[in-house]
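What follows is one structure encoded as C-alpha cells, with my remarks underneath.
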Amino acid sequence: VTEWSDDLDALFEPERRLGGPTAQAKTRMRRALSASLGANPAAATASWSPAAVSLAKLTATALVAGALATGLFGGRLRTLVLSPTSSVDAPPVPRERAPAAEFSGAAPPAATAAAVPSSAVPRDPGAPARQARVSANAPPADTLAAELAEVDAIEESLRRGDPSTALALAGAYGRHYPAGALREEATGAGIIAQCRLGRSGAEDAARTYARAHPRSLLVPRIRAACGAYDSITDERSPGQ
Amino acid sequence: MSATVAPIDVTAESHADASASARPAAPPSFQPVYDAQVDFVWRSARRLGVPEAAVEDVVQDVFVVVHRRLSDYDGRVTLKAWIFGIVVKVVGDHRRRFRRKWARCVAYDEAAEGKVAAGTDRGRTPQAMAEQSEALRLLHALLDTLDDGKRQVLVLAQLEEMSVPEIAECLGLNVNTASARLRAARKAFAEAHARHRARTEGRRP
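Protein sequences, first through last, are from chains R and U. The first sequence begins at 17 in this note's numbering and counts up by one. The second sequence begins at 2 in this note's numbering and counts up by one.
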C-alpha cells in the first residue's frame, strides 16, 4: 500500500522555496508583454515610465498607420483628435495612471482622455502646424466624435461582458459609417465579440482582419479573444 | 453583511483576503496585478509542466488574457484563484498546440536546474546544490507522471500550500471533488515514487 508520508512531503520542499524568475527573465517578460499589448516598437524597448511612450511617438504612429483611434491608447489619441487645442507635446498622464495605460490601453479609456483636459494643455509655437497636419488626415471633428461614441459603446459592451450587444453595435457602426475613420477599430471589436460568442467563421474573420490590418493595435486582443493565436499571428507579414 | 466596498488586494493569497461581501467598485488596474502575480504565474507554469524554454511565452499569454479580461473580474474569487484558472487554460492551450515541440524538451532541463539551484541557494556547498538539483529533477519527473487534473491539485496543495476550499475555488470545483482529486493525486504520486524507488534500487549492485 502506498501512503502519503513525510518523505514524500519533503520532496516538494526545494520547489516550495522557489520564488520567481530571475531579474533578467523578469525584464525580458516585461518587454515582451509591453510589446505584445502595445504592438508598438516604442513600448517594446522603453521602460514603463510614464514618459516612455510619448504622445509624439503615438501621434506619428497613428498618422502613418491612419489609425486615428484604437482600442489601445485610445484615450490619448482621442485627446489629440478631439481637442483642437491639444498639442502633441501634452504632458504625460498622471503618474499613477500612466504605466497601466501604456500596458493596457487600457484602463477605462475615458479616464485617460479626461485626465488631460485641453484647457490644461500648454500651447506652443509648433502647435498650429501640427494641428493642421492632424486635420488634414481626420474627418470633421463632429463626425469623428459621433463615430467615437459608437466605437466606445462597442468597447463598453465588450468590457461589460456583453458580446451580443457589442456585435450588434459593430454592425450598426458599419451601416452608419461604411467608410468611417474608425472602421478598423469597430470591425476588430466586432470580431472579438464574434469570437467571444463562439460564432462560426469568427476565426476566419480574425485571420482576414490580421492580414488586412497587420499593424492594427487590436490584433493582439483579437488573437487573445479568438484562441487560435498562432495561426492568426502567423498571417502577419514578417517584420510586423 | 457589510455594505462597504473594499479595494481588491492584488496580492491576495487566500480566500479570506477577498470575502464575498467585499465586491470591488472598480476592477484593479493592470500593472499592480502584474507586479504582484508574475512570480506566481511563472512558478505555476513550470509546476504544471511547461518546459523551461516555453515558460516565458506562457507567462506572456497569461497576462495578455488577464489584461483583456481584468475588467470582467468581479472579486467573487481571489485574484490569485482567478489568475490560476487562466494559467491552467493557457498551459492546456500551449500543450495542445506545441505537443510535439514540448515532447522534445524535458520539463525540467539541466540548464534550468543550474539556474534554480544558483538562484535559491547562494552560499550552499556544491554538493548541497547538486543534491537539491537532483531532488528538483525527481519532483518534476514524478509530477510529469500525473494527469493534468491531479497535477493541478497537488501543485496547489503541496507547493502553494492551499487548503482544499482554496483549491476548489482555483479550479472551479466543488469542495468534495477537490478533496477526492487531491487524495487520488497523492496516491498516484506516492505510487510513482514507489515505482521510481523500485527501479533505482533494482539497479543497485
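A virtual CB, placed ideally from N, CA and C, is assigned to each residue, including glycine.
If we ignore side chains and look at the alpha-carbon of each, how far apart do residue i and residue j end up?
i                      : j                      : result
residue 209 of chain R : residue 179 of chain U : 33 angstroms
residue 29 of chain R  : residue 22 of chain R  : 11 angstroms
residue 185 of chain R : residue 68 of chain U  : 23 angstroms
residue 202 of chain U : residue 192 of chain U : 15 angstroms
residue 199 of chain R : residue 33 of chain R  : 51 angstroms
residue 169 of chain R : residue 182 of chain R : 8 angstroms
residue 221 of chain R : residue 214 of chain R : 12 angstroms
residue 136 of chain U : residue 239 of chain R : 39 angstroms
residue 164 of chain R : residue 96 of chain U  : 40 angstroms
residue 153 of chain U : residue 202 of chain R : 39 angstroms
residue 88 of chain U  : residue 45 of chain U  : 7 angstroms
residue 214 of chain U : residue 25 of chain R  : A query on residue 214 of chain U cannot be resolved here, the shown segment of chain U reaching from 2 to 206 and no further.
residue 204 of chain R : residue 66 of chain U  : 17 angstroms
residue 106 of chain R : residue 192 of chain R : At residue 106 of chain R, the pLDDT of 35 sits below 50, so the modelled position is not reliable and the matter cannot be decided from this model.
residue 142 of chain R : residue 91 of chain U  : Its pLDDT being 45, under 50, residue 142 of chain R is placed unreliably in this model, and the value from its coordinates should be taken loosely. If you take the alpha carbons of residue 142 of chain R and residue 91 of chain U, they lie about 48 angstroms apart.
residue 178 of chain R : residue 241 of chain R : 14 angstroms
residue 80 of chain U  : residue 237 of chain R : 21 angstroms
residue 171 of chain R : residue 194 of chain U : 51 angstroms
residue 190 of chain R : residue 162 of chain R : 13 angstroms
residue 85 of chain U  : residue 29 of chain U  : 17 angstroms
residue 224 of chain R : residue 57 of chain U  : 28 angstroms
residue 51 of chain U  : residue 103 of chain U : 8 angstroms
residue 162 of chain U : residue 132 of chain U : 23 angstroms
Which residues in chain B have a C-beta closer than 7 angstroms to the C-beta of residue i? List them in chain order.
i                     : result
residue 45 of chain U : Protein chains in the displayed structure are R and U, and chain B is not among them.
In or out: residue i buried (at least 16 other Cβ within 10 Å) or exposed?
i                      : result
residue 194 of chain R : exposed
residue 90 of chain R  : Low local confidence applies: a pLDDT of 40 at residue 90 of chain R is under 50, so the model's placement there is unreliable, with the coordinate-based value given in what follows. When all chains shown are included, residue 90 of chain R counts as buried.
residue 228 of chain R : exposed
residue 62 of chain U  : buried
residue 93 of chain U  : exposed
residue 1 of chain R   : Absent from the structure is residue 1 of chain R, since the part of chain R shown begins at 17 and ends at 256.
residue 206 of chain R : buried
residue 127 of chain U : exposed
residue 43 of chain R  : exposed
residue 82 of chain U  : buried
residue 19 of chain R  : exposed
residue 226 of chain R : buried
residue 199 of chain U : exposed
residue 27 of chain U  : exposed
Using a Cβ-Cβ cut-off of 8 angstroms (strictly less than) and excluding sequence neighbours within five positions of residue i, which residues of its own chain qualify?
i                      : result
residue 155 of chain U : 144, 147, 183, 186, 187 and 190
residue 99 of chain U  : 55
residue 188 of chain R : 166
residue 213 of chain U : In this structure chain U extends from 2 to 206, so residue 213 of chain U is not present and cannot be described.
residue 174 of chain R : 182, 205, 208, 209 and 212
residue 170 of chain U : 16, 78, 79 and 82
residue 49 of chain U  : 88, 89, 92, 149, 152, 153 and 156
Who are the Cβ neighbours of residue i in its own chain at under 7 angstroms, not counting the five residues just before and after it?
i                      : result
residue 150 of chain U : 182
residue 180 of chain R : 213
For residue i, which residues from the same chain have a beta carbon less than 6 angstroms from its beta carbon, with the 5 sequence-adjacent residues on both sides left out?
i                      : result
residue 49 of chain R  : none
residue 166 of chain U : 176
residue 82 of chain R  : Reliability fails at residue 82 of chain R, whose pLDDT of 41 lies under 50, so the model's placement of it is uncertain and the value that follows must be treated cautiously. Same-chain partners within the cutoff: there are none.
| Unbroken stretches of the beta strand (DSSP E), 3 residues or longer, contained in the segment 195-232 of chain R | Positions of the beta strand (DSSP E) runs, each at least 3 residues long and wholly inside the segment 195-232 of chain R, cannot be given because no such run exists.
| said: For the structure I just gave you, are there three or more beta carbon pairs, one from the segment 72-80 of chain U and one from the segment 39-46 of chain U, closer than 8 angstroms? | reply: Touching, no, given that fewer than three Cβ pairs across the two stretches are closer than 8 angstroms.
| field | 3-residue-minimum beta strand (DSSP E) runs that sit fully inside the segment 123-159 of chain U, ordered along the chain | value | For the segment 123-159 of chain U, not one full-length beta strand (DSSP E) segment reaches 3 residues or more.
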